[in-house]
Ligand SMILES: [Zn+2]
Ligand SMILES: [Zn+2]
């Protein structure tokens, strides 16, 4: 029996660009939009130096260096919650996290949205069992203008 997916048009791909804090690294990722998520896993907390990571996921994706391929270094994170090895790429000049790439299929890139000009609202949260209970429940300090 033929699968209905064979008649379906291929999913539309989108492109998003990002750069690091010092500007040495600039990349563009093009792929099938899997949406942005907040990741509360302890490795993203440590790697980001913050309470969670805001990650934009692309399937069947390609990555282009607009600038600074030689300024990027990687750390293979094999101690992940789900056991998948994840290559975390960051700028060796300023230390900014730029993108992640799973070391096993599917071919996917994950962009840290902090380097994007237009932040994308996350649609979902991952590893919420590790989410700090106070995230989203903190009183903002009013800025003096
Ligand atoms: Zn940098
Ligand atoms: Zn994570």
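Residue numbers (this note's numbering): 10 to 154.
Just so it is clear, CB atoms sit at the ideal spot from N, CA and C, and this is done for glycine as well.
As the structure is a computational prediction, the values presented were derived from the model and not from experiment.
Would you say residue i touches ligand 2, meaning its beta carbon is less than 8 Å from a heavy atom?
i: residue 135; result: yes
i: residue 64; result: yes
i: residue 50; result: yes
i: residue 53; result: yes
Among the options, whose alpha-carbon lies nearest the alpha-carbon of residue i?
i: residue 62; options: 19, 75, 74, 45; result: 45
i: residue 102; options: 34, 147, 131; result: 34
i: residue 18; options: 24, 54, 41; result: 41
i: residue 86; options: 80, 150, 50, 27; result: 50
Among all the DSSP beta bridges, which residues are the ones paired with residue i?
i: residue 125; result: In DSSP, residue 125 forms no bridge with anything.
i: residue 64; result: 46, 121
i: residue 39; result: 24, 71
i: residue 96; result: 85, 110
For residue i, collect the residues of the same chain with a Cβ closer than 6 Å to its Cβ; drop the 5 residues on either side in sequence, then sort them by chain order.
i: residue 133; result: 46
i: residue 55; result: none
Can you name, in chain order, every residue of its own chain whose Cβ lies under 7 Å from the Cβ of residue i, other than the five neighbours on each side?
i: residue 83; result: 96, 97, 98
i: residue 58; result: none
i: residue 124; result: 27, 28, 29, 105, 107
So what does DSSP say about residue i, is it helix, strand or coil?
i: residue 29; result: coil
i: residue 11; result: Interpretation of residue 11 is limited by its pLDDT of 48, a score under 50 that renders its predicted location unreliable; no figure is taken from the coordinates.
i: residue 151; result: coil
Using 8 Å as the cut-off, classify the Cβ of residue i as near or not near the heavy atoms of ligand 1, replying yes or no.
i: residue 105; result: yes
i: residue 30; result: yes
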